[in-house]
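Visitor: For the sequence shown, my numbering begins at 51 and goes up steadily by one.
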Amino acid sequence: MNHVFIGLGSNIDNPLDRLSEAYRHLTAHADLSATGLSKVYVSSPQGPQDQPDFYNAVAGFTASLSPYELLTALLTIETAMGRQRLRHWGERCIDLDLLLFGDEVIATDALILPHPRAHERRFVLNPLCELLGTDYVMPGQPSLGTLLSRCTQQTISVLCEFPQ
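(1) Alpha carbon to alpha carbon, how far is Val92 from Thr158?
(2) For Tyr73, write down the residues that DSSP places opposite it in a beta bridge.
(3) Mind reading off the beta-carbon distance from Val54 to Leu69? Whole number of angstroms is fine, and I expect it under 8 Å.
(4) Using CA atoms only, rank isn't needed, just tell me which of Phe173, Met188, Asn61 is closest to Gln203.
(5) Going straight from the alpha carbon of His169 to that of Gly97, what length do you get?
(6) Let me know the secondary structure DSSP gives Ala130 once reduced to three states.
(7) I need the DSSP call for Gly195, collapsed to helix, strand or coil.
(8) Under the three-state reduction of DSSP, which class applies to Val155: helix, strand or coil?
(9) Which residue or residues does DSSP assign as beta-bridge partners of Asp147?
(10) Pull up the distance between the alpha-carbon of Leu58 and that of Leu149, whole angstroms please.
(11) Just the C-alpha distance for Pro117 and Leu87, rounded to the nearest angstrom, thanks.
(12) Please confirm whether Leu182 and Phe151 have their CB atoms less than 8 Å apart.
(13) For Asn61 versus Thr112, is the C-beta spacing smaller than 8 Å?
(14) Would you tell me roughly how many angstroms separate the C-alpha atoms of Met188 and Glu154, rounded to the nearest one?
(15) Ordered along the chain, which non-local residues of its own chain (more than five positions away) have a Cβ less than 6 Å from that of Asp147?
(16) Determine the burial state of His75: buried for a count of at least 16 other Cβ atoms within 10 Å of its Cβ, exposed for fewer.
(17) Name the DSSP bridge partner or partners of Tyr105?
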């Protein structure tokens, strides 16, 4: 079993409801067992600014899937929930990102682990710190606390406990 961390994000179509729906899909998967869930954070969009703020959280699981099987499962959930990819970093009803898969380091066209931008995004780092602590070290990076200290230009706030 591998410890995995999945980023959940949404900024349209009732984002809190969408995060809850995605989490229900994840916990219903036979090969995933929930181990932790962060609070929900709100932040400005990383890409085009003509869209609503994003709601983000991180969920931890143990998985008996390969990284590629888990990626396929995440994409299947996104599709089932109506995800449309209309523009890069644009609005989305749901976004599921495989952030960490144990200590795996993968760099292929299909998958990069750890997530290639996790180390520079406060909306990923803050919830990861909730679940793993500031001393945790992602492969190839300094501690989460050090990474957070480098994200001084990004502002986020806790919106609420994760709705279940």
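Positions of the beta carbon are idealized from the N, C-alpha and C atoms, including for glycine.
Guide: For this structure:
(1) 31 Å
(2) According to DSSP, Tyr73 bridges with nothing at all.
(3) In fact, because the Cβ distance is near 17 Å, the residues do not count as touching under 8 Å.
(4) Phe173
(5) 17 Å
(6) Residue state, collapsed to three classes: helix.
(7) helix
(8) In this structure, Val155 counts as coil in the three-state DSSP scheme.
(9) Gly57
(10) 10 Å
(11) 20 Å
(12) no
(13) no
(14) 10 Å
(15) Gly57, His165
(16) buried
(17) As a beta-bridge residue in DSSP terms, Tyr105 pairs with Ser60, Val92.
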